[in-house]
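The block underneath contains the structure these notes are about, expressed in C-alpha cells.
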Amino acid sequence: MKNPARVRFAPSPTGHVHLGSARTAMYDYLIAKQSGGQFVLRIEDTDQKRYVKGAEEELMSGLHWLGLDWDEGPDVGGEYGPYRQSERKEIYQKYARQLIEQGDAYYCFCTPERLKEVREKQNQEKQQPRYDRHCRDLSLAEADQRIKEGESHVVRFKTPLTGKTTVHDYVRGDITVDNALLDDYIIVKSDGLALYHLAAVVDDHLMKITHVIRGSEWLPTFPLHGMLHRAFGWQEPVWVHLSVFLKPSGKGKMSKRESADLLKDGKSIFLKDLKTLGYLPEAVNNWIALMGWSLDDHTEFFNLEDLVQHFSLDRLNPSPAAINFSKLDHFNGLHIRNKSVEELATLIKPYFLQNGYEVDDEKLRKIVPIIQERLVTLDDCLPFASFFFKDEVVPEAESLIAKKLTASESLKIAEDVLKILESLPDVSHEAAEQPMRDYIEASGYKAGQVFGLLRTAVTAQEVSPPLFESMEIIGKPTVIRRMEKAVELLRGLSEA
RNA sequence: GCCCCCAUCGUCUAGCGGCCUAGGACGGAGCCCUCUCAAGGCUCAAACAGGGGUUCGAGUCCCCUUGGGGGCACCA
Numbered sequence: 011m012k013n014p015a016r017v018r019f020a021p022s023p024t025g026h027v028h029l030g031s032a033r034t035a036m037y038d039y040l041i042a043k044q045s046g047g048q049f050v051l052r053i054e055d056t057d058q059k060r061y062v063k064g065a066e067e068e069l070m071s072g073l074h075w076l077g078l079d080w081d082e083g084p085d086v087g088g089e090y091g092p093y094r095q096s097e098r099k100e101i102y103q104k105y106a107r108q109l110i111e112q113g114d115a116y117y118c119f120c121t122p123e124r125l126k127e128v129r130e131k132q133n134q135e136k137q138q139p140r141y142d143r144h145c146r147d148l149s150l151a152e153a154d155q156r157i158k159e160g161e162s163h164v165v166r167f168k169t170p171l172t173g174k175t176t177v178h179d180y181v182r183g184d185i186t187v188d189n190a191l192l193d194d195y196i197i198v199k200s201d202g203l204a205l206y207h208l209a210a211v212v213d214d215h216l217m218k219i220t221h222v223i224r225g226s227e228w229l230p231t232f233p234l235h236g237m238l239h240r241a242f243g244w245q246e247p248v249w250v251h252l253s254v255f256l257k258p259s260g261k262g263k264m265s266k267r268e269s270a271d272l273l274k275d276g277k278s279i280f281l282k283d284l285k286t287l288g289y290l291p292e293a294v295n296n297w298i299a300l301m302g303w304s305l306d307d308h309t310e311f312f313n314l315e316d317l318v319q320h321f322s323l324d325r326l327n328p329s330p331a332a333i334n335f336s337k338l339d340h341f342n343g344l345h346i347r348n349k350s351v352e353e354l355a356t357l358i359k360p361y362f363l364q365n366g367y368e369v370d371d372e373k374l375r376k377i378v379p380i381i382q383e384r385l386v387t388l389d390d391c392l393p394f395a396s397f398f399f400k401d402e403v404v405p406e407a408e409s410l411i412a413k414k415l416t417a418s419e420s421l422k423i424a425e426d427v428l429k430i431l432e433s434l435p436d437v438s439h440e441a442a443e444q445p446m447r448d449y450i451e452a453s454g455y456k457a458g459q460v461f462g463l464l465r466t467a468v469t470a471q472e473v474s475p476p477l478f479e480s481m482e483i484i485g486k487p488t489v490i491r492r493m494e495k496a497v498e499l500l501r502g503l504s505e506a
C-alpha cells in the first residue's frame with residue numbers, strides 16, 4: 011500500500027461545473043482513495059467579484075452525483091479548515107508578511123492606471139508586457155510608513171532577475187524557465203486578499219496536500235508556485251498538470267457561445283445538463299476517465315470502484331483531448347445495460363411521472379427488460395415506452411397501410427388479425443406468436459407487413475419494443491380495442 | 001509578439017529500440033441475426049506531420065521545421 015495521499019479539489023465557485031473540472035476532481039478522488047488517504051474539497055473564492063451565487067451548491071451536488079464524496083470540505087469540516095479561502099484571509103497576510111520580511115516579496119504602490127500605462131508603452135514598443143519593478147527596491151521602512159499613511163498597495167513576489175527555475179511535473183518531467191522572463195507577480199491584492207498563487211501554495215502546505223492535480227492552464231505560472239514553496243522552505247507536493255479538453259472539432263477549447271449551441275443538440279459540457287439529458291454518472295465517469303488516461307490497450311469499461319483500483323498517474327497522457335460525444339452515448343448505453351431491472355426502473359420512472367403518466371411499478375418492471383438494450387439516454391424511455399401508459403393511442407390512418415399493400419388489403423389483414431387475437435385466451439407472447447405466424451404462412455403476406463400493421467395499430471409507432479412482449483404487457487382488452495380502432499380507420503380509408 | 005506545453009486512424013488511445021505487415025474503442029461502410037428499432041456477432045476502410053541525426057535497427061531517443069493548444073490580469 012502506498013502512503014496515504016491527501017489530494018484537494020480546489021474549484022472557484024464562478025459558474026457551472028464542466029467536464030474538465032469533473033475529471034480533475036475524479037482523478038483527485040481516485041488518488042486519495044486508492045492510497046487510503048483523504049479527498050479534500052477547498053473553495054477558492056478569493057476573488058469576490060467573480061463569485062456566482064449558487065455555484066457552490068451546484069458544485070457539491072455535481073460531485074455527489076458522480077459519487078465523488080469528499081472527506082473534508084466547507085460543509086463537512088475537517089481538522090485543516092476553514093476550507094473556504096475567503097475565510098482564511100489572515101493566514102495569507104501572515105505568510106505574505108513573512109515573505110516580505112525575508113526579502114522574497116515586496117509592497118508595491120503602483121496604481122492600476124500607472125500599470126496600464128506601462129503595459130501600453132511596452133505593447134507599443136513590442137516588448138513583453140510586464141511590471142517594470144518600479145517599487146521593487148523600496149525599503150521596508152519606507153513601505154511600512156506609506157502603508158501607515160493609508161496608501162493603497164499590493165504585495166509582489168520578488169522574482170530573481172537572473173538564473174533559471176526548474177519545476178517538476180509528474181507527466182511532463184522537468185520544466186525549466188529563464189527567471190529573467192518571469193514577472194514580479196502580485197500575490198496579495200489591494201483589498202488584502204491573497205491571489206490564487208499565494209493562497210493555493212499556503213493552503214496546500216497547511217492542509218498537508220501531497221498531490222496537486224490541475225489543468226495545464228497553470229503551467230505558465232507553475233515556476234512561480236515552485237519558487238513560492240522554496241521561499242517558504244516547504245516541501246513541494248507532486249505536481250500533475252492535466253491536458254485541457256478541446257471542443258469536438260479539436261480546434262480550441264469550448265466557449266460560452268458554443269456550449270449553448272451544443273445544448274440544442276442534446277449535448278453539454280456541464281454536469282447539470284448531462285444529468286437532465288439522461289446521462290448516467292457512471293457513464294460520465296467512465297468517459298472522462300478515459301480522456302487522458304488509459305489502463306492498457308483494450309480495457310474500457312470502468313465504474314468508479316474499478317478506477318479506484320486501477321487508476322495510475324503513470325498512465326496519464328499529456329496531449330490535449332477533443333471531446334467526443336458519440337463515445338459518451340456509447341458508454342451510457344453500456345452502463346444502462348449494466349443496470350439491474352430494479353435500478354433502471356427507478357431511474358426512468360421520473361421521466362414518465364414528469365410527463366404526466368401514472369406509473370404502475372409492476373408494469374414498469376415488465377417494460378424495463380424489453381427497452382433496456384434500446385436506450386442510449388434515460389429519456390429515450392419516453393419515445394420507446396410512453397404508449398404503455400396511455401389509455402388510447404390513435405395512429406394516423408395512412409400509417410396503418412402495410413408496406414407495398416393497398417388500404418383494402420391492409421384492412422383485410424387487420425380484420426383477420428383482430429379475429430385471431432379475439433379467439434385467443436390472452437395475447438401473451440406464448441399464446442399469440444404462433445397463431446400469427448400460422449396466419450402469415452397461410453395468407454402469403456410477409457411477416458413484416460403483418461407485424462408492421464399490428465405494431466402501428468397497437469403502439470401508434472413505427473418503432474417499438476418487440477411486439478409480442480409489448481402486447482403481453484398491454485393486455486388483451488386494450489390490444490383488441492386498438493385493433494378495432496385500426497380496422498375502423500382502415501375501413502374509412504378503403505371506402506374513400 | 002513573447003513564454004510554456006503537446007504531436008499515432010476523423011475522434012479517444014495502445015506502443016516506454018527489435019514483439020508493428022502499427023493493436024483496441026467510438027464513429028463510418030458492409031454482412032449475419034431479425035416483427036420495427038436496438039443489442040449482439042463477423043468483415044472492411046482509416047494513422048506513426050515533415051526533415052535531419054543517433055543506432056546493426058526508430059512510431060519509440062536527440063535536434064530543427066511545421067502544426068495544434070495553453071498562458072502573458074489587483075481571475076482562477
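For reference, each letter of the first sequence is one residue, going 11 to 506 in this note's numbering. All C-beta atoms, glycine included, are put in the ideal place defined by N, C-alpha and C.
Burial state of residue i, where buried means 16 or more other Cβ atoms lie within 10 Å
| i | result |
| --- | --- |
| residue 46 | exposed |
| residue 424 | buried |
| residue 23 | buried |
| residue 498 | exposed |
| residue 62 | exposed |
| residue 163 | buried |
| residue 342 | buried |
| residue 230 | exposed |
| residue 150 | exposed |
Rounded straight-line distance, which links the Cα of residue j to that of residue i
| i | j | result |
| --- | --- | --- |
| residue 501 | residue 353 | 44 Å |
| residue 457 | residue 68 | 52 Å |
| residue 129 | residue 345 | 53 Å |
| residue 337 | residue 84 | 35 Å |
| residue 225 | residue 392 | 38 Å |
| residue 454 | residue 476 | 22 Å |
| residue 102 | residue 26 | 27 Å |
| residue 291 | residue 285 | 8 Å |
| residue 210 | residue 233 | 14 Å |
| residue 243 | residue 200 | 26 Å |
| residue 1 | residue 448 | In the structure displayed, the chain extends from 11 to 506; residue 1 sits before or after that span and is not available. |
| residue 289 | residue 388 | 7 Å |
| residue 173 | residue 189 | 6 Å |
| residue 323 | residue 182 | 11 Å |
| residue 185 | residue 246 | 15 Å |
| residue 131 | residue 121 | 16 Å |
| residue 114 | residue 66 | 34 Å |
DSSP state of residue i mapped onto helix, strand, coil
| i | result |
| --- | --- |
| residue 171 | coil |
| residue 16 | strand |
| residue 75 | helix |
| residue 255 | strand |
| residue 98 | coil |
| residue 508 | Since the first residue shown for the chain is 11 and the last is 506, residue 508 is missing from the structure and cannot be characterised. |
| residue 425 | helix |
| residue 51 | strand |
| residue 83 | strand |
| residue 197 | strand |
| residue 294 | helix |
| residue 56 | coil |
| residue 164 | strand |
Residue range of the unbroken alpha helix (DSSP H) whose run includes residue i
| i | result |
| --- | --- |
| residue 251 | Per DSSP, residue 251 belongs to no alpha helix (DSSP H); it is in the beta strand (DSSP E), 248–252. |
| residue 391 | 391–395 |
| residue 235 | 232–242 |
From the options, residue whose alpha carbon lies closest to that of residue i
| i | options | result |
| --- | --- | --- |
| residue 332 | 168, 315, 253 | 253 |
| residue 296 | 194, 153, 463, 320 | 320 |
| residue 400 | 390, 419, 366, 431 | 366 |
| residue 176 | 205, 249, 66 | 249 |
| residue 159 | 180, 119, 133 | 119 |
| residue 57 | 389, 98, 263 | 98 |
| residue 219 | 31, 52, 380 | 52 |
| residue 241 | 230, 221, 215 | 215 |
| residue 38 | 416, 325, 20 | 20 |
| residue 95 | 360, 464, 204, 432 | 204 |
| residue 197 | 180, 237, 182, 186 | 237 |
| residue 298 | 429, 29, 93, 12 | 29 |
| residue 374 | 152, 357, 13 | 357 |
| residue 473 | 126, 384, 74 | 384 |
| residue 382 | 348, 407, 483 | 348 |
Residue i Cβ short of 6 Å to the ligand PLP heavy atom set
| i | result |
| --- | --- |
| residue 217 | Although the ligand PLP was asked about, the structure shown includes no ligands whatsoever. |
Segment limits, beta strand (DSSP E) that includes residue i
| i | result |
| --- | --- |
| residue 187 | 183–188 |
| residue 115 | 115–118 |
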